[in-house]
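Trainee: These protein sequence lines map, in sequence, to chains A and B. Numbers 14 to 866, taken from my numbering, label the letters of the first sequence in order. Numbers 4 to 115, taken from my numbering, label the letters of the second sequence in order. Cβ atoms here follow ideal geometry from the backbone N, Cα and C, with glycine treated the same way.
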Amino acid sequence: MISLFSTGEVSETFQETCTEIMDYYFRRSVQESDTGQRLFRDKKPFALVALGGFGRRDLCIHSDIDVLILFESKVPSSAKKLAEDFFYPLWNLGLDLGHAIRGIKDCLSLASENLEALTALMDARFICGDSPLYLALMEKLEKKTLPKKRLTLSRWLEEQNQTRMTVFGDASCLLEPNLKEGIGGLRDYHHLLWLAKAFFHLRTPKDLETSGLLSHKEYADLENHLKFIHLVRNHLHRESARKNDRLTFDHQETIAQALAFKDQDGLLAVEQFLGQIHASMASIKSLRHSFVFTHFPGSRKNGTGPAASESLSAPFHMDQGEIHFPSATAILRDPLLLLDIFVEGVNAGRPLSLESKRLVREFLYLVDEPFRLSERAARGFLSVLNAPNALEALDQMLETGFLCAFIPEFEPIQDRVQFDHYHLFPVGRHLLQTVRHLKALHQERDILLADIFLDLPDPEPLFVAALFHDIGKTGKDHAAKGAALVRKILKRFGYDRKKMEDVCFLVHRHLLLAETASRRDLNDEKIVVQCAGTAGTMERLKMLYLLSWADGKATGPRAWNDWIANLVLELFFKILHILERGELATPDASRRMKQSMQQVRSRIGDRLSPAAREALFDGMPANYMIETAPLTIARHLRLYETLREARAKGLESAFCLEGEAEPSSGTYEVTFLARDRAGLFSDVAGVMALNNINILSARIYTWRDGTAVDIFTVTPPLDPIHTEEIWERIKKNLAETFEGRLPLSERLQQKAEPSLLSRRKTLRRQTQVIVDNSSSDFFTLIEVFADDRIGLLYKITHTLFTLKIDIRVAKIATKGDQVADVFYVVDLEGQKAMEQAKEEEIRDVLLRELSTY
Amino acid sequence: MKKVEAIIKPFKLDDVKESLSALGVRGLTVTEVKGFGRQRGHREVYRGAEYQVDFVSKIKIEVVLEDELVSDAVHVIQEKAKTGQIGDGKIFIMPVENAIRIRTGETGKDAI
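Here is the structure:
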């Protein structure tokens, strides 16, 4: 039989055929069993009754086979021998056999005590033997046991559903669904059947339709879905060579192949296969829901309040806590009622009735272009999305197909499955889950998230973005594609322009935080500044953070856990701080940076390969790019090339120095490039002082690759005619210093002495040093205010060097005879000076050194 | 035999992993970890309310090596994981008494 199945000769009819074979076997066994024949002769008749799945004719390859040997009352002693005759051969075949030998009374009392036994008995089917016995059992079950037990049964089934939800989850959206026990699995159908049998005296599944409990279409759909799931289950059993109902990843590809799914339209066969499974299970789930809801209103948790019915606005009405359309013709007159009913649903906090959902499905063809363009529709849809209980309505929209009809862009992605271990849900379900997490934010354990959410002046763009953020998932670069699609949708809605830009931004950048946090260095200021520039405003950043969180949580535990949440939070705060301080990340700054880069590109032509050039741009600090003219950056790049060539020859301490007159201000600009190291800046400042060059202002930067770029504005050399010689001497001094041949400190000391003697008594202002650890996430700021004098800069920077402090950025300014210097520093390990003691040490030592000098 | 344990920045994992395999390292263990070094925890203030941020997320890689490989391995980890910025992490080296491959029962060098 199994081999027939594998070759595909028996597939859809497998359960039927299997059941028939087993029935045939039992009929033959009864005829051939001497014990059996003797029992009949002794007037101790018995019947063989199939229970459970065997009773329902639902046998899969490795299903249990439950059989009851039924006697009138007392079980005779030879029954044991009888069971051996019947069952031993089956056991020998390795079948999973459940058997019982009971009298009618025992069966009924067991069924009264044990609900599982009751449901098994409800599925009982006569195989062979004495049929009056079976009929007597069923009559008593129906007349006596069920009326007493059916309320308990329906409550128990409800409990079972909750247990199944916790243990197996909602199979209609899990990527490794349990075909039987998961919500949406075969059990849902069994429940429905049991309820129908207990309350409406159905005998066969077909009666669901004939009795009018389900419509013809619903029953036909149900049959098809069941057929498909049974088929998959058979394949699964065959693949795993045992009874196994969890469709795990390792079997999915082979089964998809066996079912002749083919890769197409960029979708893997297995992804289409899972999509179909989910669709079938979702449909079964929804059928059970609405069946229970319609016919067993009492089983719901929140009963119907009489007031609720009054609060419903025309033309809808409430019946048993569910919302109904006034009539089918009303929908034809005003198709927008199809959307209004969902709005009514969220307003009243009530679900649509089975009949209403049926009508929505039937009339989906009315959702056409004019419908989608109507302002009332857009307004209604947004009001659903904004409602606190939006999720139920969105769920029902998805389930009835309304969402896809109203927003056709949803169609291609709703059942799309990604075959990996990362995504837990198909895309459509994932989008709804993302909205769900955001809706639950106010009761989130993490108060920071709740605070950020409450801070948003208008959370609507966030909800809209959450619902659509993966809508571009039909191909590569889904975020950019999604942003374009969402723009199209919102234009159709006539959506507010500013909010639309927010939504498009959120969809386009929804991966920014998570990707940056896990793939980039968060201690690199430039990276954070770039993110800040992308976000632009604090409000957008906050929405983006909440979206990242909800998206991650809705993806699955591999995509979102404490570890990654921690990284994203760190990034969030760093970006927030940059935005709070403004300067580097204002829209203006970002625009200027972009323009500047464009000009540099055109200037340097193809001297650098585009890749090398962009890598260098990427490594330039934001403040350097903003504060430096494109022309100058291009010149720096040229010097950088020279430096790189020198270093390629092994000249580690190579440097470049260029001095250029600034006729307008009568000063000189000196550019210095070298490999950065601690103490470099102080050496340069010292050599300048030694050559009587006074530094009026300086900006020093460090590129990410460790190139120090210093730009000094200096007083002209004392001998204006021989400036070239002076630059040459400075270069020579620098080389000597770098090679350790020039004792800079001593030479400057000697130089300072004579001037000390001749110095005029001047009023000296108090030197001031401020160490600021809180303004930047990346650096400690040291500000020095002092009277200007030759060599002062050397003194400060050299002192910092002896304190083992590395200067990364400096801004030196002189106003009159006062200097105001700001140094952005880290210690030799690249660390901000965090400890109080270190802060104090820096301040004290600097003040002492400067006062004695 | 030595065990080399390194705490590194998450985004450096691929670089480190690749250069270790280029070196002939056949297997390593990677864990997502949280902790703190000299940075300690810090407080973030959001709208007047304080939020304690205690730990930093890092990657821990563990690899057991023959003695001859250790210095090379440590060298490439240091080289590849370095950004020069704060929080580049640490490398620990410790002796390993023995190693046993569970499937075959091989021990020592053969088991790593």
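1) So W573(A) contacts chain B; which residues on that side make the cut at Cβ distance below 9 Å?
2) Going along the chain, which residues of its own chain have a beta-carbon closer than 6 Å to the beta-carbon of L757(A), five neighbours each way excluded?
3) Using a Cβ-Cβ distance under 9 Å, would F136(B) count as near chain A?
4) Pick out the complete beta strand (DSSP E) segments inside the region 122-195 of chain A, 3 residues or longer, and give them in chain order.
5) State buried or exposed for T827(A), treating a residue as buried only when at least 16 other CB atoms are found within 10 Å of its CB.
6) Can you tell which of Q277(A), H443(A), K256(A), L244(A) has its C-alpha closest to the C-alpha of I268(A)?
7) Could you spell out the range, first to last residue, of the alpha helix (DSSP H) harbouring R41(A)?
8) Using a beta-carbon distance cut-off of less than 7 Å, what residues from the region 528-543 of chain A approach chain B?
9) List the DSSP bridge partners of A698(A).
10) Give me the Cα-Cα distance between F181(A) and I196(A), rounded to the nearest whole angstrom.
11) I'd like to know if D471(A) contacts chain B, where contact means its C-beta is closer than 9 Å to some C-beta of that chain.
12) Do you know how far the Cα of L475(A) is from the Cα of E424(A)?
13) Please state whether the Cβ-Cβ distance between L372(A) and F338(A) is less than 9 Å.
14) Suppose you measure from the CA of V99(B) to the CA of K587(A); what does that come to, to the nearest Å?
15) Determine the DSSP secondary structure at A321(A), reduced to helix, strand or coil.
16) Using DSSP with H/G/I as helix, E/B as strand and the rest coil, what is M4(B)?
17) To the nearest angstrom, how far is the alpha carbon of D800(A) from that of A628(A)?
18) Rounding to the nearest angstrom, what Cα-Cα distance links D740(A) and V697(A) in this structure?
19) Of all the residues that make up the region 47-74 of chain B, which are near chain A by a beta-carbon distance shorter than 8 Å?
20) Since L582(A) meets chain B, which of its residues come closer than 9 Å, beta carbon to beta carbon?
21) Taking all protein chains shown into account, do 16 or more other C-beta atoms lie within 10 angstroms of the C-beta of E879(A), making it buried, or fewer, making it exposed?
22) Run through the DSSP bridge pairs and tell me what F256(A) is partnered with.
23) For T307(A), which residues from the same chain have a beta carbon less than 7 Å from its beta carbon, with the 5 sequence-adjacent residues on both sides left out?
24) List in chain order: all unbroken alpha helix (DSSP H) runs of 4+ residues lying wholly within the region 57-103 of chain B.
25) Can you find a CB in chain B that lies within less than 9 Å of the CB of N579(A)?
26) Leaving out five residues on either side along the sequence, give the residues of the same chain with a beta carbon under 7 Å from the beta carbon of R70(A).
27) Any C-beta of chain B sitting closer than 9 Å to the C-beta of L461(A)?
28) What is the rounded straight-line gap between the Cα of L350(A) and the Cα of M35(A)?
29) Pull up the distance between the alpha-carbon of M513(A) and that of Q612(A), whole angstroms please.
30) Is Y378(A) helix, strand or coil when you go by DSSP?
31) So which residues on chain A does E35(B) lean against when the C-beta distance must stay under 7 Å?
32) Return the Cβ separation of V79(B) and K5(B) in integer angstroms, given the expectation that the two are a contact with Cβ distance under 8 Å.
33) Does G719(A) get closer than 9 Å to chain B when you measure Cβ to Cβ?
34) Which chain B residues are close to D468(A), counting only those with a beta carbon under 9 Å from its beta carbon?
35) How big is the Cα-Cα spacing for G111(B) and V33(B)?
36) Just to confirm the assignment, what range does the alpha helix (DSSP H) spanning T34(B) have?
Mentor: So, to answer that:
1) As a first step, residue 573(A) is located in the first sequence; it is residue number 560 there, counting from the start. In chain order: nothing, as chain B lies at least about 12 Å away.
2) Looking up residue 757(A) in the first sequence gives position 744. The answer, listed in chain order, is G699, T750.
3) Look at the range of chain B in this structure, 4 to 115, and you will see that residue 136(B) is not part of it.
4) 138-142
5) As a first step, residue 827(A) must be located in the first sequence, where it is residue number 814. Its Cβ being crowded by 16 or more others within 10 Å, T827(A) is buried.
6) Locating residue 268(A) in the first sequence gives position 255, counting from the first residue. Measuring from the Cα of I268(A), the nearest candidate turns out to be L244(A).
7) Along the first sequence, read from residue 1 onward, the residue named residue 41(A) stands at position 28. Where R41(A) is concerned, the enclosing alpha helix (DSSP H) stretches over 27-45.
8) S531, R532, R533, D534, N536, D537
9) As a position in the first sequence, residue 698(A) is number 685, starting the count at 1. DSSP, once it has assigned bridges, lists no residue as partnering A698(A).
10) One-based indexing of the first sequence puts residue 181(A) at position 168. One-based indexing of the first sequence puts residue 196(A) at position 183. The alpha-carbon atoms of F181(A) and I196(A) are separated by roughly 7 Å.
11) To locate residue 471(A), count along the first sequence from 1; it is residue 458. It does not: the Cβ of D471(A) has no partner Cβ on chain B nearer than 9 Å.
12) Walking along the first sequence from the start, residue 424(A) turns up at place 411. Walking along the first sequence from the start, residue 475(A) turns up at place 462. Roughly 22 Å separates the two Cα atoms.
13) Position 359 of the first sequence, counting from 1, holds the residue named residue 372(A). Position 325 of the first sequence, counting from 1, holds the residue named residue 338(A). Yes, the Cβ-Cβ distance between L372(A) and F338(A) is below 9 Å.
14) Here the question's residue 99(B) lines up with position 96 in the second sequence. Here the question's residue 587(A) lines up with position 574 in the first sequence. Going from the Cα of V99(B) to the Cα of K587(A) covers about 41 Å.
15) The residue you call residue 321(A) lines up with position 308 of the first sequence. Note that A321(A) scores a pLDDT of 44, beneath 50, so its modelled location is shaky and nothing firm can be said.
16) Stepping through the second sequence from its first residue, residue 4(B) is reached at position 1. Coil.
17) To locate residue 800(A), count along the first sequence from 1; it is residue 787. To locate residue 628(A), count along the first sequence from 1; it is residue 615. Rounded to the nearest angstrom, the two C-alpha atoms are 41 Å apart.
18) Looking up residue 740(A) in the first sequence gives position 727. Looking up residue 697(A) in the first sequence gives position 684. Note that residue 740(A) is Trp in the sequence shown, not Asp. Answer to the nearest angstrom: the Cα atoms are 12 Å apart.
19) E47, Y49, R50, A52, Y54, V56, F58, V59, S60
20) Start at 1 with the first residue of the first sequence, and residue 582(A) comes out as number 569. What L582(A) touches in chain B: E47, Y54, V56.
21) Missing from the structure shown is residue 879(A); chain A here goes from 14 to 866 and no further.
22) What you label residue 256(A) is simply residue 243 of the first sequence in a count that begins at 1. Just to set this straight, residue 256(A) is Lys in the shown sequence, not Phe. DSSP lists no partner for K256(A).
23) On the first sequence, position 294 is the one that residue 307(A) refers to. Within the same chain, T307(A) has close Cβ partners S366, L367.
24) 70-84
25) As a working note, residue 579(A) is residue 566 in the first sequence. True, the Cβ-Cβ gap to chain B drops below 9 Å.
26) Here residue 70(A) refers to the residue found at position 57 of the first sequence. Same-chain partners within the cutoff: Q28, E29, T32.
27) The residue labelled residue 461(A) in the question sits at position 448 within the first sequence. So yes, L461(A) belongs to the interface.
28) As a working note, residue 350(A) is residue 337 in the first sequence. As a working note, residue 35(A) is residue 22 in the first sequence. Approximately 53 Å between the Cα atoms of the pair.
29) Counted from its first residue, the first sequence places residue 513(A) at position 500. Counted from its first residue, the first sequence places residue 612(A) at position 599. Near 32 Å, if we compare the C-alpha coordinates of Q612(A) and M513(A).
30) Working through the first sequence from its first residue, we reach residue 378(A) at position 365. If DSSP states are grouped into helix, strand and coil, Y378(A) belongs with the helices.
31) Position 32 of the second sequence, counted from the start, is the residue given in the question as residue 35(B). Under the 7 Å cutoff, chain A gives W576.
32) What you label residue 79(B) is simply residue 76 of the second sequence in a count that begins at 1. What you label residue 5(B) is simply residue 2 of the second sequence in a count that begins at 1. Going by Cβ atoms, the distance from V79(B) to K5(B) rounds to 15 Å, so no, they are not a contact pair.
33) Reading the first sequence from its first residue, position 706 is the one you call residue 719(A). Closer than 9 Å: yes.
34) Counting from one through the first sequence, the residue named residue 468(A) turns up at place 455. Under the 9 Å cutoff, chain B gives Y49, R50.
35) Numbered from 1 along the second sequence, position 108 holds the residue referred to as residue 111(B). Numbered from 1 along the second sequence, position 30 holds the residue referred to as residue 33(B). Going from the Cα of G111(B) to the Cα of V33(B) covers about 22 Å.
36) Taking the second sequence and counting its residues from 1, the one referred to as residue 34(B) is at position 31. No alpha helix (DSSP H) contains T34(B), which is instead part of the beta strand (DSSP E) from 32-38.
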